[in-house]
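Enquirer:
Numbering (mature numbering (1 follows the signal peptide of the UniProt record, and there is no 0)), first residue to last: -21 to -1, 1 to 175.
#1: Just to confirm, are residue 176 and residue 142 a CB contact at a threshold of 8 Å?
#2: Provide the residue span of the beta strand (DSSP E) that contains residue 89, from first to last.
#3: Using 8 Å as the cut-off, can you tell me whether the region 163 to 175 makes contact with the region 52 to 66, which would need three or more C-beta pairs spanning the two stretches below that distance?
#4: Taking the alpha-carbon positions, what's the residue 109 to residue 87 distance?
#5: What residues in its chain sit with their C-beta under 6 Å from that of residue 107, if we drop five residues either side in the sequence?
#6: The beta strand (DSSP E) that contains residue 150, what's its start and end?
#7: Skipping 5 residues on each side, what residues in its chain have a beta carbon closer than 6 Å to that of residue 78?
#8: Apart from the five residues on each side of it in sequence, which residues of its chain come closer than 7 Å, Cβ to Cβ, to residue 172?
#9: In terms of DSSP beta bridges, what is residue 59 paired with?
#10: Exposed or buried, what is residue 144 when buried is set at 16 or more other beta-carbons lying within 10 Å of its beta-carbon?
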């Protein structure tokens, strides 16, 4: 009789869901996210260090519908276009894209935002890139965040064009958030200008 109770108890215990493993998987997801972000930062840092020492260009990466990698334009690239993934169709609901235009020692940079439509919570941030003694430094410039009413928080203080000093580059970071209303993202053109 006691043996039957033990067997029934073991069967019942084996059918109860293990709630701790569900919570563990949530922690693992957060840990995986943190590890992925750390890895992205390390990759970006390594690329920044390697590009600060050389003048070669890493070609623009290919993008699929909801994925983008860092695009780097070297000093010899005199003009170009930065687009959010899938532009002019709606941008993705999640992801992070990084665009870098490396400084040219004898040219300034002119950036023109031709079109911008961000989903609620998505942000587009701009940074200036300075190379000092073969090290790359980022200086925050401005940002724009999409809102539900299609206005923008900090819409670059009303400016749609930016010009840099000679020897200054540009970095844009696009963080996408749920795109419920089919926001198109952005189209930005850049060109370098020779001094004097």
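Yeah, the Cβ is synthetic: ideal placement off N, Cα and C, and Gly gets one too.
Everything numeric in this text was worked out from a predicted model, so none of it was measured.
Expert: Taking the definition as stated:
#1: Look at the range of the chain in this structure, -21 to 175, and you will see that residue 176 is not part of it.
#2: Numbered from 1 along the chain shown, position 110 holds the residue referred to as residue 89. Per DSSP, residue 89 belongs to the beta strand (DSSP E) from 86 to 96.
#3: Judged by pairs of C-beta atoms under 8 Å, the region 163 to 175 touches the region 52 to 66, as three or more such pairs exist.
#4: In the chain shown, the residue the question calls residue 109 occupies position 130. In the chain shown, the residue the question calls residue 87 occupies position 108. The alpha-carbon atoms of residue 109 and residue 87 are separated by roughly 12 Å.
#5: Sequence index remark: in the chain shown, residue 107 carries index 128 (1-based). Same-chain partners within the cutoff: 118, 120 and 147.
#6: As a position in the chain shown, residue 150 is number 171, starting the count at 1. Per DSSP, residue 150 belongs to the beta strand (DSSP E) from 147 to 155.
#7: Here residue 78 refers to the residue found at position 99 when the chain shown is read from its first residue. Exclusion of the five residues before and after residue 78 leaves 50, 61 and 151 as the residues of its chain whose Cβ lies within less than 6 Å of its Cβ.
#8: Position 193 of the chain shown, counting from 1, holds the residue named residue 172. Residues 86, 87 and 89 of the same chain have their beta carbon placed closer than 7 Å to that of residue 172, with the five preceding and five following residues left out of the count.
#9: Position 80 of the chain shown holds residue 59. As a beta-bridge residue in DSSP terms, residue 59 pairs with 169.
#10: In the chain shown, the residue the question calls residue 144 occupies position 165. Answer is exposed; the Cβ neighbour count stays below 16.
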